[in-house]
Structure formats: C-alpha cells, structure tokens
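Just so we're aligned, residue 6 is where the sequence shown starts under this note's numbering, counting upward by one. C-beta atoms are modelled at their ideal positions from N, C-alpha and C, and glycine is treated no differently. Computed from a prediction, not measured in an experiment: that's the story for all the values here. Down below is the structure, laid out as structure tokens.
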Amino acid sequence: MAIQDIYPTALRLLGRPVLVVGGGPVAQRRAKGLLDAGAKVTVVAPVATETLRGLAASGLLTWAQREYCTSDLDGVWFVQTATGAAAVDTQVAADAEAQRIWCVNASDHEASAAWTPAVAVVDDVKIAINAGGDPRRAMALRNAVATALETGDLPLRRHRKPGTDGKTPVGSVALVGGGPGDSGLITVRGRRLLGQADVVVTDRLGPRELLKELAPDVRVIEVGKTPGHHPVPQLEINRILVDEALKGNRVVRLKGGDPYVLGRGGEEAEFCRQNGVEVEVVSGVTSAISVPAAAGIPVTHRGLAKGFSVVTGHEELSEVPARPDHTVVLLMGVGQLRDSAAELAASGLPLDTPVGIVESGYLPDQRVTIGTLGTIADQAEAVGVANPAVIVIGDVVRVSPFAPQHFKTADYSTITPNRPRVRSN
C-alpha cells in the first residue's frame, strides 16, 4: 500500500461499539485511545494485561476472556487487531473486510485496510501523522509538530464563531512579559499565546522581531512610551485591552521584561477583571536581573551582595540600603543618573562603589560602561549612554568580565562587544 493510496480522515466513535482483538501492550494502548475517543470497547483475548483487566473490572470496557470468533464483529463499527499472531490478525481482518468494517491489522501494515497514526493533542488540536509505515519516523514527526505548537513556532490561533445566540463570545487578554528584547528570552507560554492572538498591544521594548512572524490579519497596536513622552496614556491602554476583548478578540499585551515588575501589569489586569474580561498574566524574564546578567553581573553574589533593590528614580534611593554589598538596580534611570548618584553618595555610599551600565542587553548593539559612583555620570555623558539601559550599583559589578583588572583606579572605559558575552541559546 503506497502512502498516496491513503485517504486521511478522522473517526467519531463516541458511543459506538468497537472491537480490540488481543490483550497485550499494543492492544492496551489502542484500547485506551479508543476509550479516550468515547467508544464502547470490547477486548477479546484469553489473557490481558493488568491495566486492561483493571479497566474491565471498573466497567470502562468489556473483556471477553477467550479466543476470537467471527461473531465478535456483529454490530461493530471499527476493529483493531493486536494479538501478536499473524494468522489470527489476518483472519480478523478478512472477516472485517467481508462485513465492510474498517480494521487495523497490526501484523500486516501493508495489507491493513486502515492505519493508526502517531497522535498528539495540543490544546484543542489533535495531530495525526502517518509516515509511510515507519512508526518511529511518525512519532518523531508528531513530537516535532507538537513541540512547535506548544512553543508557538506554529500558531494555534483559532477563529472565533458566533455563539448560539448569534453574538460573538467575549475574548480574553493575556499580559505577556517578553523579556529584555531578545526573541529567545520570551517564555514558551508567552510565545504560544502570541501565536494565538488576534490583536497585539505592544510596547517599544520587548521581542519586536516576533511581531514580524504574526499572521497578516493580526492587528498590532503600538502604545510604547519613552522617558517623558507617553503618547498613549495608561487609562487609554486599559480601555483598548477591554474594548478589543469585548469584540471577541484574543488580545496579547506584549511588554518588555515582566508585566508585574514596574510594568503596570497589575493596573491592567485589575481593569480587565472589573470589566468582565478574562485575563491571564504570563511572567517574563525581568530586565532588572537579566540585563545585568548579559554583562556577567549577578545581582547577588556570595561574599559581595546578599540582596538587591530595584528602583526607577532617584527619589526612592533614600529608602534603599546605601552599602556596596547591597545591589541597587536602576531602571529607566539614564536621564536621572547624575541625581541618583548624588542621592546615593549623600546617603553614605562610597564614591568608589562600582557602577555598571548595560545598554540594549542581549541585542547585537549591547554596550557595557563600567565606572564608579563618582565617575559614572560623566562617563555616561561622554559616550552618549541612552535608553534602553539598566544601571547596576554595588560590588557585584566587580564580577563582570568587562570590569577592568585594577578596579579601584580611575581608569574605566566603555566596552562595546561585537556580540553579548551572555546570551540565550
């Protein structure tokens, strides 16, 4: 039987009687699959596996503890042979053919009237693959397709249909943390939801490359902010999310970093729930930790720092411990860097405390600037440090491979690597 002679279809066996001839491991797998499809399963075999006996004892299937006979086919819609004895399987297949009942002959793939594909279920999608009679190849292909669907490399997007009352069901909102910008640092769950989206409401940060992979009919709404410039106010963003979901759309709010780390995700989630919209929050790799890591800077390190604080402006710095062994991570802090350094110095942090600035973390133009609390503002101005950037203050900066050998000298420099030394696989 050639692969081109196969006509793929799917059987709906809910409530229909089916027959499994055989009681070994193969019969067990086939019986369980048929039960999952809702079929009324009868197993005919002198001996059965412990699992099959258990299913029979619980009333989930019927086990006829004897040899097969032709009358077992009476009233049956579908047959699976799995006795391990070619002569018996061939006889069952011949009897089924005579009664025009579809039969899978496990002993003779080429002569079988039907084939059982390698199957996987992802969400509401069932994958069934035949590979020219090679079960290992079929399973490998099935696994590859399932993985691509689970990770979002293949979209699981479904088109909504009107409800029974003719109205479009309410959609949903997913607040997805996209990580620091590299498309490989979004979570599997976030990537999958992005592939299902009808509308994407996106910031200017995060994995922008993934927007190019969206289907042509997916609408992308830009709501990105820059320091001092918020073209779309937060209340308007909240309204967009709810309005689009109420139209029946699956909405993804794609953010840089993590939605709940200085990303106003809590406000957006609360607004959605108050307006009757289902919302899911997908954590992301926060830039506060990942971007320093891209420059080889841990936010904690044994012997150097046991804790860290994340802040967005110099006003909050008076409330964090002013010690080199407590790491301070500044987000969106380039414009206020001089004031922030002065605030920390006034709080008692030594001027020779190491400071690292990581621009465009994990991206091809990543740049790392190393200095001290006393010098970093001048260095940043001299080299034109710009957002997006994360500023790390504390002794942990000494661990970075970009830090100069004699760190306590005043000779610090800006280092521009061709590629980030720490990046995703």
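Beta-carbon proximity of residue i to residue j, cut-off 8 Å
i	j	result
F200	P160	A small fix is needed here, since residue 200 is Gly in this sequence, not Phe. Yes, they are a contact pair.
A293	D400	no
G253	G338	no
Q85	V25	yes
A327	G353	yes
V395	V304	no
V205	L259	yes
V48	A32	yes
T95	R35	no
A99	A125	no
G312	G261	no
Reduced DSSP category for residue i - H, G, I as helix; E, B as strand; rest coil
i	result
N135	coil
G281	coil
Q70	coil
I396	strand
G301	coil
G38	helix
I375	strand
E115	coil
S177	strand
T332	strand
Q85	strand
N110	strand
V97	helix
T207	strand
P409	coil
G270	helix
A382	helix
V48	strand
P431	Because the chain spans 6 through 430 in this model, residue 431 falls outside it and cannot be assessed.
G182	strand
K252	coil
S314	strand
Top-ranked residue by Cα proximity to residue i, from the options
i	options	result
L267	V316, A220 and V205	V316
G28	P13, R21, G38 and E55	E55
E348	G366, V325, L368 and P359	V325
V257	G195, V237, F276 and G301	G195
T75	A179, A61, A101 and G89	A101
T332	V404, E285 and F276	V404
G379	L154, P359 and D10	P359
V109	A149, A87, R224 and V304	A87
Q279	P369, L251 and H306	L251
R58	A385, K37, L78 and D41	K37
L368	N392, P174 and R224	N392
P329	G340, I106 and A350	A350
G217	N148, D79, D158 and L78	Reading the sequence as shown, one finds Lys at residue 217 and not Gly. Answer by Cα proximity: D158.
Chain-order list of residues whose beta-carbon lies under 8 Å from that of residue i (same chain, five-residue window excluded)
i	result
L146	A123, I134 and A136
P51	G28, Q70, R71 and E72
S314	V325, P326, H331, T332, V333 and V334
A15	K131 and A133
D357	T377, L378, G379 and K413
P30	T54
A408	P359, G361, I375 and V402
R432	There is no way to answer for residue 432, as the model of the chain reaches only from 6 to 430.
A91	S112 and D113
Other residues of its chain near residue i: CB distance less than 6 Å, five sequence neighbours each side excluded
i	result
H114	G138
G366	P185, V296 and A299
E249	V204 and V256
R209	G229
Straight-line Cα distance separating residue j from residue i
i	j	result
A382	T291	25 Å
G64	A111	26 Å
L198	A220	13 Å
V81	V23	5 Å
I302	V402	6 Å
V127	A202	17 Å
V287	A118	46 Å
I242	D187	24 Å
V237	R343	29 Å
G229	L154	29 Å
E214	I362	24 Å
P355	V397	15 Å
A179	L18	35 Å
T374	V388	9 Å
T67	V93	20 Å
G182	C277	17 Å
A149	A385	47 Å
G340	A274	29 Å
Cβ neighbours of residue i in the same chain (closer than 7 Å, five flanking residues each side left out)
i	result
Q239	R269 and E272
S345	H319, L322, L335 and G338
G20	G43 and K45
E227	T207
Proximity test, residue i beta-carbon vs the ligand FAD heavy atom, cut-off 7 Å
i	result
A92	Absent from the structure shown: the ligand FAD. Ligands present: none.
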